[in-house]
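Heads up, the thing below is written out as structure tokens.
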DNA sequence: TTGTATGCGTTATCAA
DNA sequence: TTGATAACGCATACAA
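Residue numbers (the working numbering), protein chains in the order written: chain V, 1 to 352; chain S, 1001 to 1352.
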């Protein structure tokens, strides 16, 4: 390996001088600067970041612990992290808890999560990362999962209850409100909701958003229009079948995720209904599959990349000992993706 | 930070001794060992891997450069890498070229790819990773993209033409053969093929597999049954429409990816055909969306996780200076996922 | 403007 | 069985 010493010797200067020109610290005459640079070029020298890290007591690296990289939201968040980290000259050390394979959706097993997380975090700390970003696979409180460390840490797609810890998330309630509102603008008055499991935070927030939109427009809240699924395709199918058995059928369905929305579409088709002419359906998450449904699903898209970017901005701020702008910490807004599964109610009405 | 020195002082031993008990090298009396361990526990000491790396001249870290982490195949490969790397005590430094966002599918722009890759690889080398795994976003020859380095490197989901470099890939031809064969076993004799862009390696291999299966069973090769799409959903739709206009319609379609298969299903439905009763469709890739089509798509699943694992096994072998088993380097086999889009031809025949 | 020397936290050689 | 110490590659205080 060619080191600073080799450069020094060949350029007839001291290692200090080489270091000075490398980092542009110190006053070096243009002449020797040129000479050193030339040797560096000739020997194709690359600084050893390990040695530098040891000396400087910082690694310019960020540990990313992701609960499961194969879950749909993770790659896009990581992509956002990479984008900003690269810009700032930070490197990513990725550790993957592989929670989905290890414990499925059984988050109640906090102890096991904690054990896995703890081991990975310790490793990261041993590698002297400057900070850690923790990416949940599911929006929820992870306070119990990850112990306090004395390095900057930010959470995304999850949060903690400690008020000295930062987390970056999007606004589920607002998104559900927007989706419902969109349906209302399209003339719908009878809007059903297919919820995810009620013990989940997003399900709760999305429910609230739906409810608030109804209230805002003084629409009747019909409990018969609320169905609870389990986030899976099949449950969307089943719940929609039930919805369509009602004597007073809804004209639109808001499904709390794209999978259940897919099931809803299928159920409608099964019953000979045309989506969106006879019934409108809107989903949530903008998962890849949503654009391949027929009709293409209108849905709320999650600001995943942005979450990754912001998490990184915040962690870099923290690493540099400045407190992050407050507006970086605000819940991010979801974006409505208009595709083909929602129509104005007029279409239906005028046909009658 | 608590260091080995602090331990030494508090335990009344030298730093050497501490190091000995830490690494279980040297002969240390049980008594002092206990004492040192106790102090380590008390002070909650964690070795500084940076210092260790500098001293040992190895970091126990693997650089992973992925062309695009948001492309469907990447996360699963990375998951496989993580799995094996964790087992072996290696850490992953992830760098993401974000090629899709930067240059789209324009791989002809080799220069730009090369520039990005070169920069990232240099960074990894500066961080003194022990080896590098390169994950392509598309099976192709990347010899030109990534310059030679004097550290172990293995390629997956792509390859190079240098015979001193290793790559881990799956067998496209075999997979297409298996898929076609499956259709034949189901009694189909008129099997159409919707190909991806013909300039791509996988398209070529899959074509060969299809052709070989036909030949093996002495089935007639009908050029009218071959259509070329562009991997996208729409093209599958369009090509299937063309196929269905033929006077002698195929009874089964093999699409070279799940997206085009989705388009194929939609086209069939549009024309009032029932899948699979009237026509069978099989896809390729086992992308997430394939299980949400209606009917659920039968498809060939790519051994992505296995590719990640094997790449890591090979890189670790290389790092340890042993040449990897040859059977680790064999092309991996894809697995047939039987779902609901393929039926026996008898069904159709008997109904007539 | 440049050089000498020290130390970052380890491991391991050699001596005791 | 243990300890003193050099070295890994670099940055920098201080001296020249």
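The beta carbon of each residue, even a glycine, is placed where N, CA and C say it ideally should be. In this text the structure is predicted, and so the values were computed from the model without any measurement.
Nonlocal neighbours in the same chain, by C-beta distance under 6 Å from residue i, ignoring five residues either side
i                       : result
residue 230 of chain V  : 197
residue 225 of chain V  : 192, 250
residue 1338 of chain S : 1298
residue 209 of chain V  : 173, 176, 177
residue 1214 of chain S : 1221
residue 1004 of chain S : 1015, 1018
residue 239 of chain V  : 194, 227, 229
residue 1212 of chain S : 1177
residue 205 of chain V  : 172, 173
Cβ distance (whole Å) where residue i is taken to contact residue j below 8 Å
i                       : j                       : result
residue 52 of chain V   : residue 89 of chain V   : In fact, because the Cβ distance is near 12 Å, the residues do not count as touching under 8 Å.
residue 296 of chain V  : residue 341 of chain V  : 7 Å
residue 271 of chain V  : residue 244 of chain V  : 6 Å
residue 1121 of chain S : residue 1103 of chain S : Contact doesn't hold; Cβ gap of about 18 Å is too wide.
residue 35 of chain V   : residue 11 of chain V   : 5 Å
residue 256 of chain V  : residue 201 of chain V  : Contact doesn't hold; Cβ gap of about 12 Å is too wide.
residue 1049 of chain S : residue 128 of chain V  : 7 Å
residue 93 of chain V   : residue 1078 of chain S : Actually they do not touch by this definition, with Cβ atoms about 13 Å apart.
residue 1017 of chain S : residue 1032 of chain S : 7 Å
residue 1043 of chain S : residue 1013 of chain S : Not really, about 14 Å apart at Cβ, beyond 8 Å.
Beta-carbon gap between residue i and residue j smaller than 8 Å
i                       : j                       : result
residue 152 of chain V  : residue 136 of chain V  : no
residue 154 of chain V  : residue 315 of chain V  : yes
residue 1263 of chain S : residue 1237 of chain S : yes
residue 1168 of chain S : residue 1180 of chain S : no
residue 1303 of chain S : residue 1259 of chain S : no
residue 1139 of chain S : residue 75 of chain V   : no
residue 100 of chain V  : residue 141 of chain V  : no
residue 1085 of chain S : residue 1228 of chain S : no
residue 81 of chain V   : residue 133 of chain V  : yes
residue 46 of chain V   : residue 1126 of chain S : yes
residue 1095 of chain S : residue 1115 of chain S : no
residue 166 of chain V  : residue 324 of chain V  : yes
residue 252 of chain V  : residue 188 of chain V  : yes
residue 1054 of chain S : residue 54 of chain V   : yes
residue 1300 of chain S : residue 1286 of chain S : yes
residue 1248 of chain S : residue 1186 of chain S : no
residue 182 of chain V  : residue 336 of chain V  : yes
residue 1334 of chain S : residue 1233 of chain S : no
Own chain partners of residue i with C-beta closer than 7 Å, once the 5 adjacent residues on each side are dropped
i                       : result
residue 217 of chain V  : 184
residue 1321 of chain S : none
residue 351 of chain V  : For residue 351 of chain V, the predicted model reports a pLDDT of 41, less than 50, meaning its position is unreliable; a value from the coordinates is still stated below. Around residue 351 of chain V: no qualifying Cβ.
residue 242 of chain V  : 227
residue 98 of chain V   : 68
residue 41 of chain V   : none
residue 1110 of chain S : 1144, 1145
residue 1246 of chain S : 1224
residue 162 of chain V  : 143
Own chain residues within Cβ distance below 8 Å of residue i, not counting five before or after
i                       : result
residue 265 of chain V  : 275, 281, 293, 294, 295, 297, 341
residue 288 of chain V  : 72
residue 1273 of chain S : 1244, 1279
Discussion item. Give me the subset of the region 1288–1313 of chain S whose CB atoms are less than 7 Å from a CB atom of chain V, sorted by chain position.
Written reply: 1288, 1289, 1292, 1294
Item to complete: Report the residue ranges of all beta strand (DSSP E) runs contained in full by the region 27–72 of chain V; include only those spanning at least 3 residues, in chain order.
Response: 61–66
Worksheet item: Of all the residues that make up the region 1217–1245 of chain S, which are near chain V by a beta-carbon distance shorter than 7 Å?
Response: 1233
Worksheet item: What are the uninterrupted segments assigned as beta strand (DSSP E) that are 3 or more residues long and contained completely in the region 1275–1319 of chain S, given in chain order?
Response: 1280–1285, 1298–1301
Worksheet item: According to a CB-to-CB cut-off of less than 7 Å, which residues of the region 1113–1132 of chain S neighbour chain V?
Response: 1122, 1123, 1125, 1126, 1127, 1128
Worksheet item: Unbroken beta strand (DSSP E) runs of length 3 or more, entirely within the region 115–190 of chain V: which are they?
Response: 131–135, 153–156, 166–168
Worksheet item: Which residues, in order along the region 1053–1073 of chain S, keep a beta-carbon less than 7 Å from a beta-carbon of chain V?
Response: 1053, 1054, 1059, 1069, 1070
Practice prompt. Could you run through the region 1264–1283 of chain S and flag, in chain order, every residue whose CB is less than 7 Å away from some CB of chain V?
Written response: 1266
Worksheet item: the region 35–55 of chain V: which residues have C-beta closer than 7 Å to a C-beta of chain S, in chain order?
Response: Taking 7 Å as the Cβ-Cβ cut-off against chain S, the residues of the region 35–55 of chain V that qualify are 46, 47, 48, 49, 50, 51, 53, 54.
Practice prompt. Scan the region 202–264 of chain V and note each continuous alpha helix (DSSP H) run of 4 residues or more that stays entirely inside, going in chain order.
Written response: 233–245
Worksheet entry | Residues in the region 1087–1100 of chain S having any Cβ partner in chain V nearer than 8 Å | Those residues of the region 1087–1100 of chain S that come within reach of chain V (Cβ to Cβ, closer than 8 Å) are 1091, 1092, 1093, 1094, 1095, 1096, 1098.
Worksheet item: Going along the chain, which residues of the region 1246–1262 of chain S sit with their C-beta nearer than 8 Å to a C-beta in chain V?
Response: 1259, 1262
Worksheet item: Using a Cβ cut-off of 9 Å, which residues of the region 321–341 of chain V contact any Cβ in chain S, in chain order?
Response: Those residues of the region 321–341 of chain V that come within reach of chain S (Cβ to Cβ, closer than 9 Å) do not exist; the list is empty.
Worksheet entry | Within 9 Å of chain S by C-beta, residues of the region 167–194 of chain V in sequence order | none
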